[in-house]
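Numbering (the numbering used here), first residue to last: 2 to 371.
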């Protein structure tokens, strides 16, 4: 974890240095040539540098050791820092748009030189190299803030290239496009900020776990001897590299408590070793193994439930002859118009079909089934 933090800080410092230098050169060129597009490009570089500062602060805070108030660590601070970066980008976009509109209303004649064009050309190359480096590093260490900074730098290279094209067009034809280009740049910046903020807020609210990861975890658990089925896998993110979760497994109703305890520990150890995911709980579903009547009733229950639309899965079935109960979990698709109505209809039909038993189902959630 400390190594990851150091990588994020080092990469961000490189980004800060590069963006400050680029901002300084572009600001001088933009002011001397009276080009609003180049000045706005310089402002954009400054916002990128500030974003890198926020990323460093977020990485440092997220790397703090767990304490009594935050026993699971401070990893989610990185999501907050990414949200702050997005807000900064949005502010830069709004400011740029306002200034660009002013220049359209009150235009100035730009005055470019060969030196200014060379500086912009170098800026394009630097931004491409910087963007690829930062984004690749962000993907390597699972840092969303770095990935967003890298993508933002690549977007900036396109903006700088457009500024260069506008300057060349003016020098060749006399057509002034800087202010209009400034509007386009502002829109690009705003869209980038909105996308970043939407992505970060989604993670803070709580997204569905990665389907490929959950699929692999379920497959690994199912491969452990003694596990009959794997259900209800839930993962909670406490930062880019810290996930906690829980899962239910089916075991024969003949298994002893000590055997179940050993199996639970094997499941937890296996998943942590393979995926770094901490399973804080392994729930148990007992499966009827020696009751032919239970098997026949289960088959009929599955048939009745299967006649309904939007049913994704039925699991955890158990028939308790002593208490005269039929227990199971059913997952109804979120796309269903009224999940509660479907659930109630299932209960009604099963109660009519098996009047001697109490139907006790649970409406489960499609958390990581897809």
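Glycine included, C-beta positions come from ideal geometry on N, C-alpha and C.
Check whether residue i and residue j have beta carbons under 8 Å apart
i, j, result
"residue 81", "residue 64", "no"
"residue 41", "residue 132", "no"
"residue 281", "residue 245", "yes"
"residue 1", "residue 308", "Given a span of 2 to 371 for the chain in the structure shown, any question on residue 1 remains unanswerable."
"residue 250", "residue 268", "yes"
"residue 142", "residue 5", "yes"
"residue 317", "residue 286", "yes"
"residue 358", "residue 325", "yes"
"residue 327", "residue 361", "yes"
"residue 85", "residue 30", "no"
"residue 227", "residue 248", "no"
"residue 210", "residue 145", "no"
"residue 152", "residue 137", "no"
"residue 194", "residue 94", "yes"
"residue 271", "residue 221", "yes"
Span of the alpha helix (DSSP H), counted from its first residue to its last, around residue i
i, result
"residue 259", "258-276"
"residue 334", "From DSSP, residue 334 is part of no alpha helix (DSSP H); its letter is neither H nor E."
"residue 245", "Where residue 245 is concerned, there is no enclosing alpha helix (DSSP H), although the beta strand (DSSP E) it sits in stretches over 244-253."
"residue 87", "78-106"
"residue 156", "145-174"
"residue 213", "212-223"
"residue 196", "179-206"
"residue 127", "115-141"
"residue 293", "293-307"
Contacting residues, own chain, Cβ-Cβ under 8 Å from residue i (five flanking each side not counted)
i, result
"residue 14", "53, 57"
"residue 213", "none"
"residue 106", "none"
"residue 23", "43, 46, 124, 127, 128"
"residue 97", "41, 44, 45, 183, 186, 187, 190"
"residue 284", "233, 247, 248, 249, 250"
"residue 223", "230, 231"
"residue 110", "35, 177"
"residue 32", "40"
Beta-carbon proximity list for residue i, same chain, < 6 Å, skipping 5 on both sides
i, result
"residue 295", "289, 320"
"residue 27", "39, 42, 43"
"residue 117", "30, 34"
"residue 340", "333"
"residue 51", "89"
"residue 67", "74"
"residue 55", "82, 85, 86"
Spatial neighbours of residue i in its chain, beta-carbon cut-off 7 Å, leaving aside the 5 residues before and after
i, result
"residue 306", "312, 315, 331, 347"
"residue 108", "177, 180"
"residue 167", "38, 178, 179, 182"
"residue 367", "313, 332, 334, 335"
"residue 77", "239, 240"
Best match in the options for proximity to residue i [C-alpha to C-alpha]
i, options, result
"residue 46", "148, 264, 345, 90", "90"
"residue 343", "323, 364, 96, 238", "364"
"residue 157", "211, 229, 122", "122"
"residue 134", "297, 263, 8", "8"
"residue 225", "173, 265, 204", "265"
"residue 20", "161, 115, 260", "161"
"residue 205", "79, 337, 345", "79"
"residue 351", "293, 298, 337", "298"
"residue 292", "114, 261, 254, 170", "254"
"residue 217", "171, 276, 259", "276"
"residue 114", "76, 165, 101", "165"
"residue 329", "303, 61, 259, 202", "303"
"residue 16", "147, 25, 77", "147"
"residue 130", "76, 159, 260", "159"
"residue 192", "103, 92, 263", "92"
Cβ distance (whole Å) where residue i is taken to contact residue j below 8 Å
i, j, result
"residue 155", "residue 87", "The pair is not a contact, with the Cβ atoms about 17 Å apart (cut-off 8 Å)."
"residue 139", "residue 243", "Going by Cβ atoms, the distance from residue 139 to residue 243 rounds to 17 Å, so no, they are not a contact pair."
"residue 150", "residue 49", "7 Å"
Range of the contiguous beta strand (DSSP E) that encloses residue i
i, result
"residue 232", "230-238"
"residue 359", "359-365"
"residue 318", "312-321"
Short CB-CB distance (under 8 Å) between residue i and chain B
i, result
"residue 199", "The chain labelled as chain B is not found in the depicted structure, where only one protein chain is given."
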